[in-house]
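**Q** Take a look at the following structure, please.
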Amino acid sequence: MSKLFPAYRILALIVGVLLAFCALVITPARYLAPDGSGLQHFGETWSILWAVHGWVFIVYVAVSFLLWRQTRWTAPFALLVLVAGLIPLVIFWVERAVTRRIRAEHPELASAG
Amino acid sequence: MPPDAPALPATRALAPRYWIIHLLLVGAVAACVLLGRWQLGVWSDHRSADAEQVTRQQPVALDDVLGPDAAFPAAGLGRPVVVAGRWDPAHTVFVSDRERDGRTGVWVVTPVVTSSGSAIPVVRGWVPNPGEAPAPPRGAADLVGLLQPAEGNDTADSDPHDDVIPELSTVDLLPRAPYDLYGGYALATDRAVPGASGQPRAGTAGLETVGPQHLPGADATSGLRNLFYAFQWWIFGAFAVFMWWRWLEEDVLGRRASPRPR
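Top line first, the protein sequences correspond to chains A and B.
Sequential numbering from 427 applies to the first sequence in my numbering.
Sequential numbering from 6 applies to the second sequence in my numbering.
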């Protein structure tokens, strides 16, 4: 019935990749590479991906919220799920934890995925 | 979840174990509002920098932009022009009620008669009151000024015989000027006049520079990314409040029916 859980997993993957790429590649290139170098130019050009991350993250937060309302996770776990989209690489680990919990506690949500 | 007493359900939300969540919400909302405002400021700075770009163009001769009898061209707004001619110190006027850094003072305006025989009012600078203005320059004038259109005629000149006028408008200047006037005025700068040797003769000594009053609008797309970032932050802030509210109602106060998944 619910497409929330598969939607959550796809969004988590997109947010995770965008965030890791932005925070670990683009921004260091933009500010650490020597001025005027090709690497710095690359960082300048692709920093627009931060805006993309921002909008995808808004959708991720909305979907996570709906999932939270279905699962009734405790507030701290729900906060971890939401904030994971802002700390590089953490979201990959959180996505696995969420998947484990949903499969164990809410198989009815996981079955559709 | 145990049913709550209907009389005082809201007090549950104040239990100490929820304080950290409430505090986090306040912190998150404050952070979102501030970050959004910061990005809005960046956007606005981008736009003013974009608008001021016209003032950094290479100066051209005044008559190439605004002829003595021509209507003010849109491309002339804020344009640096070379004003060359002869100062007319006898017709120096003061434009009243001009703010600068929160203080009210006057603009000091001396016309320059160009080779065309017409005069252009040159705003040499700002002083707190007319008595503090230095003596107007005499002789040759040679300066780079930012071109501005003549002001409107919204304020009547209470005394057409003194040297204080309410607006830098042609109507207010005409009774005082024995010559034709250009349809605009120039804000004197200290920039070097291209092709001329030595200091510009701009008459700005002892006066504070007046910045451009009217500039062409910035390109609609300049800094647009920062405007979107600002909105993103505010949407986050609003959504944080929404999530907190739903969590409070459903999980803490038990007011809504649990949306049971099928």
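Ideal placement from N, C-alpha and C gives every residue a C-beta, glycine not left out.
Nothing here was measured: the structure is a model prediction, and the numbers come from that model.
(1) Quick check on the DSSP output: the alpha helix (DSSP H) that includes Ile25(B) runs from which residue to which?
(2) Which residues mark the beginning and the end of the alpha helix (DSSP H) in which Ile125(B) is found?
(3) Please tell me whether Val128(B) and Val114(B) are closer than 8 Å, where the distance is taken between their beta carbons.
(4) Kindly say whether Gly539(A), judged by its beta-carbon, lies nearer than 8 Å to any beta-carbon of chain B.
(5) Starting from Val487(A), find everything on chain B with Cβ-Cβ shorter than 7 Å and list it in chain order.
(6) What's the gap between the Cα of Gly46(B) and the Cα of Ala80(B)?
(7) For Trp252(B), report the span of its alpha helix (DSSP H) as first-last.
(8) Out of curiosity, what's the CA-to-CA distance linking Arg267(B) and Lys429(A)?
(9) Quick check: the Cα distance between Arg181(B) and Gln63(B), rounded to an integer number of angstroms?
(10) Curious, which full-length beta strand (DSSP E) runs of at least 3 residues does the stretch 96–177 of chain B contain?
(11) Measuring CA to CA, which of Ala56(B), Pro205(B), Val257(B) and Cys37(B) is closest to Ala145(B)?
(12) Please report how far the alpha carbon of Ala140(B) lies from the alpha carbon of Pro133(B), in whole angstroms.
(13) Can you pull the chain B neighbours of Arg410(A), defined as C-beta to C-beta under 9 Å?
(14) Applying a beta-carbon distance threshold of less than 8 Å, which residues of chain B neighbour Ile517(A)?
(15) Looking at the C-beta of Trp252(B), does it have a partner C-beta in chain A at a distance below 8 Å?
(16) Would you identify the three-state DSSP class for Gly211(B), choosing helix, strand or coil?
(17) Name the residues in the stretch 230–241 of chain B whose C-beta lies less than 8 Å from a C-beta of chain A; which are they?
(18) Can you tell me where the alpha helix (DSSP H) with Gly442(A) in it begins and where it stops?
(19) Using the Cα positions of Ala223(B) and Arg52(B), report the straight-line distance between them to the nearest angstrom.
(20) Residues of chain A with CB under 8 Å from Asp256(B), in chain order?
(21) When you compare only the Cα positions, how much space is there between Ala124(B) and Gly107(B)?
(22) Short of 7 Å in beta carbon distance, which residues of its chain neighbour Asp9(B), apart from the five on each side in sequence? Order them along the chain.
(23) For Ala191(B) versus Leu152(B), is the C-beta spacing smaller than 8 Å?
(24) Smallest Cα separation from Gly150(B): which of Val65(B), Gly41(B) and Asp167(B)?
(25) At least one CB of chain B closer than 8 Å to the CB of Gly480(A): is that the case?
(26) At what residues does the beta strand (DSSP E) containing Trp92(B) begin and finish?
(27) List the whole-angstrom C-beta distance separating Gly511(A) from Phe483(A), where the pair is believed to meet the contact cut-off of C-beta under 8 Å.
(28) Might you give, ordered along the chain, the residues of its own chain that have their beta carbon closer than 8 Å to the beta carbon of Val441(A), omitting 5 neighbours on each side?
(29) Taking C-alpha atoms, which residue in Tyr187(B), Arg84(B), Ala35(B) and Cys37(B) lies nearest to Gly122(B)?
(30) Could you give the DSSP three-state label for Val198(B): helix, strand or coil?
(31) What are the partner residues of Tyr190(B), as DSSP defines its beta bridges?
(32) Using the Cβ count rule (16 or more neighbours within 10 Å means buried), how would you classify Glu521(A)?
(33) Measuring only the C-alpha atoms, how far is Leu339(B) from Ala75(B)?
(34) With DSSP run on the structure shown, which of helix, strand or coil describes Leu258(B)?
(35) Let me know if Asp256(B) comes out buried or exposed under the rule of 16 or more other beta-carbons within 10 Å of its beta-carbon.
(36) Could you say which of Asp195(B), Val169(B) and Gln218(B) lies nearest to His96(B) if we only look at CA atoms?
**A** If we stick to the structure as given:
(1) One-based indexing of the second sequence puts residue 25(B) at position 20. Counting along the chain, the alpha helix (DSSP H) containing Ile25(B) begins and ends at Pro21 to Glu57.
(2) Looking up residue 125(B) in the second sequence gives position 120. Residue range Ala124 to Val132 is occupied by the beta strand (DSSP E) that includes Ile125(B), with no alpha helix (DSSP H) assigned at that position.
(3) Working through the second sequence from its first residue, we reach residue 128(B) at position 123. Working through the second sequence from its first residue, we reach residue 114(B) at position 109. It is a contact, given that the beta carbons lie within the stated cut-off.
(4) Taking the first residue of the first sequence as 1, we reach residue 539(A) at position 113. In this prediction, Gly539(A) has a pLDDT of 42, which is less than 50 and means its spatial position is unreliable; what the coordinates show is noted afterwards. Chain B, which has no Cβ nearer than 8 Å to the Cβ of Gly539(A), makes this no.
(5) Within the first sequence, numbered from 1, the residue matching residue 487(A) stands at position 61. Chain B residues near Val487(A): Phe244.
(6) Here residue 46(B) corresponds to residue number 41 of the second sequence, with the count starting at 1. Here residue 80(B) corresponds to residue number 75 of the second sequence, with the count starting at 1. Going from the Cα of Gly46(B) to the Cα of Ala80(B) covers about 27 Å.
(7) Translated into the one-based positions of the second sequence, residue 252(B) becomes position 247. For Trp252(B), the uninterrupted alpha helix (DSSP H) segment begins and ends at Leu229 to Trp252.
(8) Within the second sequence, residue 267(B) is the residue found at index 262, counting from 1. Within the first sequence, residue 429(A) is the residue found at index 3, counting from 1. Low confidence applies to Arg267(B): its pLDDT is 42, below 50, so where it sits in the model is not reliable, and the reading given next is rough at best. In this model, Arg267(B) and Lys429(A) are separated by some 12 Å (Cα to Cα).
(9) In the second sequence, the residue the question calls residue 181(B) occupies position 176. In the second sequence, the residue the question calls residue 63(B) occupies position 58. Near 33 Å, if we compare the C-alpha coordinates of Gln63(B) and Arg181(B).
(10) Taken in chain order, the complete beta strand (DSSP E) segments of 3 residues or longer contained in the stretch 96–177 of chain B are 98–105, 108–118, 124–132 and 145–154.
(11) Counted from its first residue, the second sequence places residue 145(B) at position 140. Ranking the options by Cα distance to Ala145(B), first place goes to Pro205(B).
(12) The residue given as residue 140(B) occupies position 135 in the second sequence. The residue given as residue 133(B) occupies position 128 in the second sequence. Roughly 15 Å separates the two Cα atoms.
(13) What is shown of chain A runs 427 to 539, which leaves residue 410(A) out entirely.
(14) Taking the first sequence and counting its residues from 1, one reaches residue 517(A) at position 91. Within 8 Å of the CB of Ile517(A), no CB atom of chain B is found; the nearest one sits about 16 Å away.
(15) By 1-based counting over the second sequence, the position of residue 252(B) is 247. By this cut-off, Trp252(B) is an interface position.
(16) Numbered from 1 along the second sequence, position 206 holds the residue referred to as residue 211(B). Here Gly211(B) carries a coil assignment [DSSP, helix/strand/coil].
(17) Arg230, Phe233, Tyr234, Gln237, Ile240 and Phe241: these are the residues of the stretch 230–241 of chain B whose beta carbon lies less than 8 Å from some beta carbon of chain A, given in chain order.
(18) Looking up residue 442(A) in the first sequence gives position 16. Where Gly442(A) is concerned, the enclosing alpha helix (DSSP H) stretches over Leu430 to Phe447.
(19) Along the second sequence, read from residue 1 onward, the residue named residue 223(B) stands at position 218. Along the second sequence, read from residue 1 onward, the residue named residue 52(B) stands at position 47. Taking C-alpha positions only, Ala223(B) is separated from Arg52(B) by approximately 5 Å.
(20) The residue given as residue 256(B) occupies position 251 in the second sequence. One finds Arg498 and Ala501 in chain A with Cβ atoms closer than 8 Å to the Cβ of Asp256(B), taken in chain order.
(21) Within the second sequence, the letter at position 119 stands for residue 124(B). Within the second sequence, the letter at position 102 stands for residue 107(B). If you draw a straight line from the Cα of Ala124(B) to the Cα of Gly107(B), it is about 31 Å long.
(22) For the purposes of this step, residue 9(B) is identified with residue 4 of the second sequence, where counting begins at 1. Caution applies to Asp9(B), whose pLDDT of 46 falls short of 50 and renders its modelled position unreliable; the model cannot decide the point.
(23) Here residue 191(B) corresponds to residue number 186 of the second sequence, with the count starting at 1. Here residue 152(B) corresponds to residue number 147 of the second sequence, with the count starting at 1. Leu152(B) is positioned such that its CB atom lies closer than 8 Å to that of Ala191(B).
(24) If you number the second sequence from 1, residue 150(B) lands on position 145. That would be Val65(B), whose Cα lies nearest to the Cα of Gly150(B).
(25) For the purposes of this step, residue 480(A) is identified with residue 54 of the first sequence, where counting begins at 1. Output row for Gly480(A): interface = yes.
(26) The residue you call residue 92(B) lines up with position 87 of the second sequence. Per DSSP, Trp92(B) belongs to the beta strand (DSSP E) from Pro85 to Trp92.
(27) Residue numbering aside, residue 511(A) sits at position 85 when the first sequence is read from its first letter. Residue numbering aside, residue 483(A) sits at position 57 when the first sequence is read from its first letter. Yes, they are in contact, since the Cβ atoms of Gly511(A) and Phe483(A) sit about 5 Å apart, within 8 Å.
(28) For the purposes of this step, residue 441(A) is taken as the residue at position 15 of the first sequence. Excluding residues within five positions, the ones whose Cβ falls inside 8 Å are His479, Val482, Phe483, Tyr486, Gly511 and Ile517.
(29) Here residue 122(B) refers to the residue found at position 117 of the second sequence. For the residues Tyr187(B), Arg84(B), Ala35(B) and Cys37(B), the minimum Cα distance to Gly122(B) belongs to Tyr187(B).
(30) Residue mapping note: residue 198(B) aligns to position 193 of the second sequence, counting from 1. Per DSSP, reduced to three states, the secondary structure at Val198(B) is coil, with no helix or strand assignment.
(31) Residue numbering aside, residue 190(B) sits at position 185 when the second sequence is read from its first letter. Paired residues: Gln153(B).
(32) Stepping through the first sequence from its first residue, residue 521(A) is reached at position 95. By the neighbour-count criterion, in which a residue is buried when 16 or more other Cβ atoms sit within 10 angstroms of its Cβ, Glu521(A) is buried.
(33) This structure cannot speak to residue 339(B), because chain B is shown only from 6 to 267.
(34) Translated into positions along the second sequence, residue 258(B) becomes position 253. Coil, per DSSP.
(35) Indexing the second sequence from 1 puts residue 256(B) at position 251. The residue is buried, with at least 16 neighbouring Cβ atoms inside 10 Å.
(36) Walking along the second sequence from the start, residue 96(B) turns up at place 91. Its Cα nearest to that of His96(B), the residue Val169(B) stands out among Asp195(B), Val169(B) and Gln218(B).
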